[in-house]
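Here our numbering is used: the first residue of the sequence shown is 957, the next is one more, and so on. Glycine residues also receive a C-beta, built at the ideal position from the N, C-alpha and C atoms. For reference, the structure is listed below as structure tokens.
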Amino acid sequence: MSEVLSSYWYFAAERQHVYHARLRGEPGPWTDDPVISRFRFTNAYRAADRVSQDLIRVAYEGSQNAADVVLRVMLFRFFNKPSTWEALESRFDEITADSFDVDTFSGVLDLLLARGERVYSAAYIVPPPPFGAARKHRNHLLLIEHMMRSGVVAQVEAAKSLREVFETIASYPSLGPFLSYQLAIDLNYTSVIDFDENDFVVPGPGARSGVAKCFPDLNGASAEDVIRWMVDTQEDQFDQNGIQFSDLFGRALTLIDCQNLFCETDKYARVMHPHIRGVGGRSRIKQQFAPHGLPATPFFPPKWGINERASADLAEPAVTA
């Protein structure tokens, strides 16, 4: 293992410190770390990220019929841009499986593009599926229609594990391993399914690079094994590094979180440990950090049982030195 491993745990704790400080409404700067204060990083917990927060609210606001929930999750995540969802919702009011129509939904997105607005987030893009439409967004709507008509809802409901949900999604065109895993996690936030996030993980390219920087010689272990080891030993490793970690209102880091943290550590190490190479050879961090107002009061899947704790913690006055 390399010096980057200590930075992994430091980064997780410091990024989480920034998250809690911003939630409490404390004035910036929220960290003395020059890299974290300058560049944009995701939260230590995936579910706490702004867009994931929007998705969780979309999943729980409205009909809890399984088909409606699955449709909303796919429609939101394929574009991954809250303003796109808001434009669709303002046009159609309640978005349901029965009301979903490729032509009319595509028409709304056509108008956004005609006004020069973007309909996709740059965070990650679902490759255009091969349905023959001239516009990418229409092909994605056709993919959603195909998935709904071919029984994806029943397959997800019948799944016996998070891996089965992942395999179901991965069977559809253009949804590779990384995106299929991300969608499986999104669906697992909802009321449709409820699997342990520690059941299964699929490392993305950035996470694999982060693993390589932390563990230059894996000795035959897989990236999946390493991520699971990080989850299992997190408390011991925070203690060994003398780091106080403020978790997510009583929820420990899970496989998806530690996977994401490897990706963010890969970026962090480009500046803090430039001599240690990962996978792909990237040497710069592109996105600068720019706060967009105070974060909203967090809302997590109610089945996690942490919303009450979050509300209570945020109601307590901040401790000042």
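Restricting attention to PRO1159, ALA1177, VAL960, VAL1109, the CA atom closest to the CA of ILE1149 is found in VAL1109.
In the three-state reduction of the DSSP assignment, PHE995 falls in the strand class, which pools E and B. Bounds of the alpha helix (DSSP H) holding ILE1012 are 1006-1016. For LYS1242, the closest of GLU1113, TYR1224, PRO1251, LEU1250 by C-alpha to C-alpha distance is TYR1224. Under DSSP, the beta-bridge partners assigned to LEU1204 are ARG1207.
Close CB contacts of SER1239 within its chain, under the 7 Å cut and outside five residues either way in sequence, are with ARG1226, PRO1230 (chain order). A check of alpha carbon separations from GLY1206 across GLY1237, SER1267, GLY1162, PRO1172 identifies SER1267 as the nearest. Sequence-distant partners of SER1077 (beyond 5 residues in either direction) whose C-beta falls short of 8 Å from its own C-beta, in its chain, are VAL1007, PHE1035, ASN1036, LYS1037. Secondary structure note for ALA1246: it is in no alpha helix (DSSP H), with a DSSP letter that is neither H nor E.
For a cut-off of 8 Å, the C-beta gap from ARG1047 to VAL1058 is around 14 Å, too long to register as a contact.
When C-alpha distances from ILE1212 are compared across ASP1192, PRO1159, ALA1179, HIS1248, the shortest belongs to PRO1159. Here GLY1237 is exposed. Its C-beta has fewer than 16 other C-beta atoms within 10 Å. Distance from the CA of ASP1142 to the CA of VAL1026, rounded to the nearest whole angstrom, comes to 9 Å.
In the DSSP assignment, ARG1047 falls within the unbroken alpha helix (DSSP H) covering 1038-1048.
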